[in-house]
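Here is the structure we will look at.
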Amino acid sequence: MDSTVCREHLEKLLIEEAGVLERLQSALDREHELLIANDVDALERAGEERQTCIGDLLRIEEERRSMCRMMNLPADITGLERLLGWCDTSGELKQRWADCADRAGRCRASNDRNGALVAARMKKVEGMLDVLTGRASEPKTYGKQGAYESSSTGARVHVSV
């Protein structure tokens with residue numbers, strides 16, 4: 022593969038990745054709105070769009086790794102940087118790569134925000150269930166895996182090995 026063909030293919034992949042990251046950001050923002058609104062049915066559909074975007078990003082990443090392997094370079098960030106250095110003497114693709122990294126960082130932050138909201142809701146529901154089942158008055162202890170564990174036997178001492 023010559024450097025021009027390599028550059029054109031990498032440019033195509035970076036343009037596609039930027040578009041997918043834009044769609045992912047929109048899906049994550051929509052998920053956040055649906056989490057706030059407690060719209061479970063619409064949330065499930067929005068989750069499908071998120072998963073489609075993740076699948077597309079994984080495919081694009083695999084294509085990049087394949088290009089690195091084709092050029093006998095490591096299929097990691099170091100190999101990609103060397104590939105870009107060889108085929109992108111203008112540095113334009115490096116800037117596109119940096120833009121994609123920034124977009125991916127924003128998507129991660131949005132996903133973390135959504136995850137924190139889900140975790141808080143689950144904790145609240147767990148607390149309400151504990152009240153309904155009568156386990157709210159039971160002491161909570163740490164189990165083998167480091168998570169809270171409540172005694173269901175009514176014993177005063179809970180031993181976990």
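For the sequence shown, the residue numbers in the working numbering are 22 to 182. Each residue gets a CB set at the ideal place from its N, CA and C atoms; glycine is no exception. Bear in mind the structure is a predicted one, so any value in this text is a computation, not a measurement.
Closest by C-alpha distance to Glu102, when choosing among Arg28, Met22 and Asp23: In the sequence shown, the residue the question calls residue 102 occupies position 81. With distances taken between Cα atoms, Glu102 lies closest to Arg28.
Can at least three beta-carbon pairs, one atom from the stretch 127 to 142 and one from the stretch 41 to 56, be found at a separation below 8 Å? yes
Which same chain residues end up closer than 7 Å to Cys89 when comparing Cβ atoms and leaving out the 5 residues on each side of it in sequence? Here the question's residue 89 lines up with position 68 in the sequence shown. If we look at Cys89 and ignore the five residues flanking it on each side, its Cβ neighbours are Pro95, Ala96, Gly100, Leu101 and Leu104.
Measuring only the C-alpha atoms, how far is Val152 from Arg142? By one-based count along the sequence shown, residue 152 stands at place 131. By one-based count along the sequence shown, residue 142 stands at place 121. Distance between the alpha carbons of Val152 and Arg142: 16 Å.
Using the C-alpha atoms, what's the distance from Glu38 back to Met22? The residue labelled residue 22 in the question sits at position 1 within the sequence shown. The residue labelled residue 38 in the question sits at position 17 within the sequence shown. Cα to Cα, Met22 sits roughly 22 Å from Glu38.
For Glu43 and Ala122, what's the separation of their Cα atoms in angstroms? Along the sequence shown, one-based indexing puts residue 43 at 22. Along the sequence shown, one-based indexing puts residue 122 at 101. Those two C-alpha atoms are separated by around 12 Å.
Those runs of the alpha helix (DSSP H) which lie wholly inside the stretch 59 to 131 and span at least 4 residues: 61 to 91 and 98 to 108
Taking C-alpha atoms, which residue in Leu64, Arg66, Ser24 and Ile36 lies nearest to Ala119? As a position in the sequence shown, residue 119 is number 98, starting the count at 1. Cα-wise, what sits closest to Ala119 is Ile36.
Does the Cβ of Ala176 have 16 or more other Cβ atoms within 10 Å, making it buried, or fewer, making it exposed? Translated into the one-based positions of the sequence shown, residue 176 becomes position 155. Here Ala176 scores only 48 on pLDDT, less than 50, and its place in the model is too uncertain to base an answer on.
Distance, Cα to Cα, Glu65 vs Val139? The residue given as residue 65 occupies position 44 in the sequence shown. The residue given as residue 139 occupies position 118 in the sequence shown. When rounded, the distance between both Cα atoms is 13 Å.
Just confirm the distance between the C-beta atoms of Ile81 and Leu31, as a whole number of angstroms; I'd bet it's less than 8 Å. Position 60 of the sequence shown, counting from 1, holds the residue named residue 81. Position 10 of the sequence shown, counting from 1, holds the residue named residue 31. With a Cβ gap of about 11 Å, Ile81 and Leu31 do not count as contacting.
From Gln166 to Arg156, what distance separates their C-alpha atoms? Here residue 166 is taken as the residue at index 145 of the sequence shown, counted from 1. Here residue 156 is taken as the residue at index 135 of the sequence shown, counted from 1. Whole-angstrom Cα-Cα distance: 20 Å.
Under three-state DSSP, which class holds Asp50? Within the sequence shown, numbered from 1, the residue matching residue 50 stands at position 29. In this structure, Asp50 counts as helix in the three-state DSSP scheme.
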